[in-house]
Amino acid sequence: MSDVNFTPSGPPETILPDPDPALLAALGSTSDLDEMRALAAAHPADPFAWASLGDCAREAGEPDITVYAYYRVGYHRGLDLLRKSGWKGTAYVRSTHPSNLGFLRCLRGLGEAAEWIGETEEAERCAQFLAQLDPPG
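When we follow the numbering used here, the leftmost residue of the sequence shown carries the number 2, and every step to the right adds one.
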């Protein structure tokens, strides 16, 4: 086993770019599921849109598998955005940076929805990944 060496400032962090302010305003001004779907369709690469759609679908009583699918899309689009932002799989993605919250919400939602549909191993992987990316304290 080899040692992990960190820089004096600690492990690296990845900070996602700020989402479109107009998208955030639109997401914050509606709880209508059809409007959320339209926003996700208009902003398919933005994990904030998918996280909000997943949350809204859950609140609207959509089937668990549908909610799972929304969060899964957001999670994968978030991974694409992380890689584009220089993440190589080892840096933190902290919730203290508001621009990271869309991806982290998708990851958390995916883990919860995986549990609902009986994907226990995936739920556990999501919880572990979330704890690695954004450890408490």
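We put the CB at the ideal spot given by N, CA and C, even for glycine.
Remember, it's a predicted structure, so these values are computed and weren't measured experimentally.
- Task: Using three-state DSSP, classify G62 as helix, strand or coil.
- Result: coil
- What's the gap between the Cα of H98 and the Cα of E63? 30 angstroms
- Near A128, what residues of its chain come up, given a Cβ to Cβ distance below 8 angstroms and the 5 sequence neighbours on each side ignored? G112
- Query: What's the call for G90, buried or exposed, on a 16-neighbour Cβ count within 10 Å?
  - Reply: exposed
- Supposed close pair G110, G55 - CB separation, criterion 8 angstroms: 5 angstroms
- Task: Express the C-alpha separation of D33 and P137 in angstroms, rounding to a whole number.
- Result: 33 angstroms
- Task: Would you kindly check if the distance between the Cβ of P22 and the Cβ of F49 is under 8 angstroms?
- Result: no
- Pull up the distance between the alpha-carbon of R139 and that of A92, whole angstroms please. Residue 139 falls outside the range modelled here, since the chain spans only 2 to 138, and no answer is possible.
- Candidates D47, A41, E122, L28, of which the one nearest L105 by Cα: D47
- Query: With respect to the alpha helix (DSSP H) encompassing P22, which residues constitute its N-terminal and C-terminal limits?
  - Reply: 22-29
- Query: In chain order, what residues of the same chain have a beta carbon less than 6 angstroms from the beta carbon of R73, not counting five sequence neighbours either side?
  - Reply: L111
- Span separating the alpha-carbon of G87 from that of T15: 7 angstroms
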